[in-house]
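Using this note's numbering, you'd call the opening residue of the sequence shown number 2 and step up by one each time. Positions of the beta carbon are idealized from the N, C-alpha and C atoms, including for glycine. First the structure, in the form of structure tokens, and then the observations on it.
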Amino acid sequence: MPTYAIKCIGCSRKINVFSSIRNLTKNQLDELVESGYTEITEDQARKSRIELTEEDEMMLAEEGSIGYTEDLESICSPCGSDQDYDDEGNNITAV
Numbered sequence: 002m003p004t005y006a007i008k009c010i011g012c013s014r015k016i017n018v019f020s021s022i023r024n025l026t027k028n029q030l031d032e033l034v035e036s037g038y039t040e041i042t043e044d045q046a047r048k049s050r051i052e053l054t055e056e057d058e059m060m061l062a063e064e065g066s067i068g069y070t071e072d073l074e075s076i077c078s079p080c081g082s083d084q085d086y087d088d089e090g091n092n093i094t095a096v
């Protein structure tokens, strides 16, 4: 599964996320982070081994792309937690 580096939506810290789609462009990755939706090409779908429906095949033939949804975990652990962390990411809640 491909790994992509993005900025946490809470603090802008760099985090790594996994996606099922290979070779995402920066625009596609930004769309997935922001809305959970992007358009992917036939090449991306095939290389990522996405099962295509008959409707998908028709859309690819007509439009050259298909819609794809994926919920990327776009928030780092400290921002997504009710715990307290120091600048190095160490949990300091119980300290």
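Per DSSP, Asn28 lies in no beta strand (DSSP E) segment; the continuous alpha helix (DSSP H) that holds it begins and ends at 27–36. In chain order, Ser75, Ile76 place their CB closer than 6 angstroms to the CB of Ile10, counting only its own chain and leaving out the 5 sequence neighbours on each side.
Per the C-alpha coordinates, the member of Ile67, Ile93, Ser13 positioned closest to Ile22 is Ile67. The residues Cys77, in chain order, have a CB closer than 6 angstroms to that of Arg14 in the same chain once the five nearest residues on each side in sequence are set aside. Selection Ile41, Val18, Ile93, Met60 evaluated against Leu25 yields Ile41 as nearest (Cα-Cα). A straight-line Cα-Cα distance of about 13 angstroms links Tyr86 and Cys12. Looking at the DSSP output, Ala6 bridges to Asn17. Counting C-beta atoms within 10 angstroms of its own C-beta, Ala62 has fewer than 16 neighbours from the protein chains shown and is therefore classed as exposed. When DSSP reads this structure, Gly68 sits in a beta bridge with Glu40.
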